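A short write-up of the structure that comes next.
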Amino acid sequence: MNELFSPALLILVPFVPMLTIIGLTIPGVRRLTLHFAPLAVIPGLLLALSPQVGHPASMPWLFLGSYLGLDEIGRSFLLLTALLWLAAGLYAQGYCRNYPHKERFWIFFLLTMSGNLGLTLSLDIISFYIFFTLMSFSAYGLIVHEGTHFTLRAGKVYLWLVIIGEVLLFAALVLSAHLADSLLMADIAATLGDAPIQPLVFGLLLVALGIKMGMIPVHFWLPLAHPAAPVPASAVLSGAMIKAGLLGLLRLLPLGYTTAPGWSTTLICIGLLMAFLGVAAGIFQTQAKTLLAYSSISQMGFPLLGIGLGLANPATWPLIAAAISFYALHHGLAKGALFLSVGMVPNLKETPALRFATLAGILIPALALAGAPWTSGALAKSGLKEFLFQSPLANEKILAVLLGLAAAGTTLLMCRLVSLLLKESEDSTSVPTRRMWIGWLLLLSAVTLAGIHPDGLTGVRPDQIPKPADAVWPLLLAALIALTVWRKKPQFNRRWTVPVGDIVVMIEAIAKGFSDGIAKLPRPALPHLPRQARWQNLPILLLLWDMEKLLRQLTVSGVVFILLLLILLLL
576 MNELFSPALL ILVPFVPMLT IIGLTIPGVR RLTLHFAPLA VIPGLLLALS PQVGHPASMP
636 WLFLGSYLGL DEIGRSFLLL TALLWLAAGL YAQGYCRNYP HKERFWIFFL LTMSGNLGLT
696 LSLDIISFYI FFTLMSFSAY GLIVHEGTHF TLRAGKVYLW LVIIGEVLLF AALVLSAHLA
756 DSLLMADIAA TLGDAPIQPL VFGLLLVALG IKMGMIPVHF WLPLAHPAAP VPASAVLSGA
816 MIKAGLLGLL RLLPLGYTTA PGWSTTLICI GLLMAFLGVA AGIFQTQAKT LLAYSSISQM
876 GFPLLGIGLG LANPATWPLI AAAISFYALH HGLAKGALFL SVGMVPNLKE TPALRFATLA
936 GILIPALALA GAPWTSGALA KSGLKEFLFQ SPLANEKILA VLLGLAAAGT TLLMCRLVSL
996 LLKESEDSTS VPTRRMWIGW LLLLSAVTLA GIHPDGLTGV RPDQIPKPAD AVWPLLLAAL
1056 IALTVWRKKP QFNRRWTVPV GDIVVMIEAI AKGFSDGIAK LPRPALPHLP RQARWQNLPI
1116 LLLLWDMEKL LRQLTVSGVV FILLLLILLL L
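Sequential numbering of the sequence shown, starting at 576, is according to the numbering used here.
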């Protein structure tokens, strides 16, 4: 019975949301379809919670031949994805009830959901790439839904990075499949470790999937897209979708098969850089959703560090993989709950009982994200700390202190978040609906359950919970800094700000300056064209003439820089 039931349930997980879209196009059942649209994720939730799912199912009729299945890593990611989409869908029914283009929002919402659910089950590169692409491009419709100048700019930046990421990912998958002579991701991971072009494939995968998970320096779409998208869309963007890049790295890199000290050191360095720079940029933000976006960049540095530790010692990879899976689950649930909290801030102006309940609901995921004792965050971070001894970068104690300082930074971010939410509640007018409460409370319950009974969600044993003292000193340090800052009362909004999108702002400024500079250059007289030159070659000749005039104005160092850049691009 299980062998027949499993393939049917596997294929229903990504395709029920697509079938729901058909109902939105039929006027007679559109209203009923909108009412039940969040429940399209139910097959995925049932599959994630089922004790047995059978063997991977071969589906030669799907795409170019697909394999769908669920291992322990996939189960954790599917559980996170299904819970988040269910909660965000229920929340969206109340939050988007007065949207002028409500049907359009739900079409993109369900398409993105389908791709996100499908890639967690994909065991071959064809289905993974198709579902990954479906999720990525469909999310554009969620980001630009409101149609303002800010959302369109955020969507433009997001779309450019998506296109770059998809091209790089396609190149990496084609090279990997050729090396492994297989389309299965497990076969690719097993053969990639000894491949002669391993550095090239590693680099392509790291950039392509790193774009999705907000890896520095290709992170700048996150702080633009999250504030632009509606609140329920932001919750799944940060909570579930950025985990797709992490899942791709876990499935495609030769983790557990080979040792790669160079890449191990690189990933550990990038992970630490993300942990601190995300805090540094987020602490000076003036909008709650932007702060949460930078917090996601900071938090995703920890699983990237865990992958680096796994590349240092293949023997310990199964344990590290379990720790990373739990960390992804913890962060997705907590961050999703915090994003949904943004829409609940009007309750902070209501009765004392409602104000207390709302503030408590905000503090539960905030404390979990900060790694407070007896929370899922403390368990998740301690699971990674156990393997710091095998790092090729620095001493275990130094790395432990750095991670503690990063946790203190996260605590400061959460303090800043609460202050921003209190400020935003003063200008809010809409009242949260019952569906918004249901979606929010669902995630809060999951965050609480992951902290007090982790084996109920992930199989982590309660005896692995760290001692409370290990998580106290970062909180105390952050409290001391926050108290000092509060007494000084600096004017964050006026004196200290980091532009939203940081790097992209600099790129736009440089591009505008270069464009303005080119426009101001004097136009020389037309060159004397050789007699044999044909009129259709005139644009090319004029372009070459302009480039020659421009290069003549460069210094020797400028010419050398351009030559080096061209050499690097051709390598």
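All C-beta atoms, glycine included, are put in the ideal place defined by N, C-alpha and C.
Note that the coordinates shown come from a computational prediction; the quantities given were computed from them, not determined experimentally.
- Two segments are said to touch when three or more pairs of C-beta atoms, one from each, lie closer than 8 Å; by this definition the stretch 864 to 871 does not touch the stretch 769 to 781.
- Per DSSP, residue 804 lies in no beta strand (DSSP E) segment and is marked neither H nor E.
- If you draw a straight line from the Cα of residue 718 to the Cα of residue 970, it is about 42 Å long.
- Taking all protein chains shown into account, residue 673 has fewer than 16 neighbouring C-beta atoms within 10 Å of its C-beta and is therefore exposed.
- Per the C-alpha coordinates, the member of 860, 791, 814 and 856 positioned closest to residue 842 is 791.
- By the Cβ test, the stretch 632 to 651 is not in contact with the stretch 995 to 1011, since fewer than three Cβ pairs between them sit closer than 8 Å.
- The DSSP-derived three-state label of residue 1017 is helix.
- Comparing C-alpha distances from residue 773 to each of 759, 788 and 837 shows the shortest one belongs to 837.
- Beta bridge pairing from DSSP links residue 634 with 641.
- Annotation: the continuous alpha helix (DSSP H) that includes residue 742 extends over 724 to 755.
- With a cut-off of 8 Å on Cβ pairs, the stretch 849 to 869 is not in contact with the stretch 680 to 696, counting fewer than three such pairs.
- About 6 Å separates the CB atoms of residue 663 and residue 1014; that is less than 8 Å, so the two are in contact.
- If you look at residue 871, you'll find it in the alpha helix (DSSP H) that goes 863 to 874.
- Burial check for residue 755: the Cβ neighbour count within 10 Å reaches 16 or more, so the residue is buried.
- Sequence-distant partners of residue 676 (beyond 5 residues in either direction) whose C-beta falls short of 8 Å from its own C-beta, in its chain, are 720.
- Residue environment for residue 725: exposed (fewer than 16 other C-beta atoms within 10 angstroms of its C-beta).
- Between residue 848 and residue 977, the alpha-carbon positions lie close to 11 Å from each other.
- The alpha carbon of residue 875 has as its nearest neighbour, out of 605, 830 and 784, the alpha carbon of 784.
- Check the Cα spacing between residue 891 and each of 937, 959, 660 and 771: the tightest is with 959.
- If you compare the alpha carbons of 992, 706 and 699 with that of residue 693, the shortest gap goes to 706.
- With contacts defined by Cβ atoms closer than 7 Å, residue 955 and residue 901 form a contacting pair.
- For the set 979, 938 and 995, the Cα lying nearest the Cα of residue 1022 is the one of 938.
- Between the C-alpha atoms of residue 592 and residue 932 there is a straight-line separation of about 33 Å.
- With contact defined as three or more Cβ pairs closer than 8 Å, the stretch 755 to 769 and the stretch 805 to 813 are not in contact.
- Residue 657 and residue 623 do touch by the CB rule: their CB atoms are close to 6 Å apart, below 8 Å.
- Residue 699 counts as buried, since no fewer than 16 other beta carbons sit within 10 angstroms of its beta carbon.
- At the C-beta level, residue 1025 and residue 905 come within 7 Å of one another.
- Within the same chain, Cβ atoms closer than 6 Å to the Cβ of residue 990 are found at 1057, the five residues on either side in sequence being excluded.
- The three-state reading of DSSP puts residue 830 in coil, since its state is none of H, G, I, E or B.
- Rounded to whole angstroms, the separation of the alpha carbons of residue 821 and residue 878 is 8 Å.
- Under the DSSP assignment, residue 610 falls in the alpha helix (DSSP H) whose first and last residues are 605 to 611.
- Residues 923 of the same chain have their beta carbon placed closer than 6 Å to that of residue 930, with the five preceding and five following residues left out of the count.
- In this structure, the beta-carbon distance from residue 731 to residue 801 does not fall below 7 Å.
- When the Cα atoms are used, residue 832 and residue 765 turn out to be separated by approximately 6 Å.
- Here residue 697 carries a strand assignment [DSSP, helix/strand/coil].
- About 18 Å separates the beta carbons of residue 814 and residue 716, which is beyond the 8 Å limit, so they are not a contact pair.
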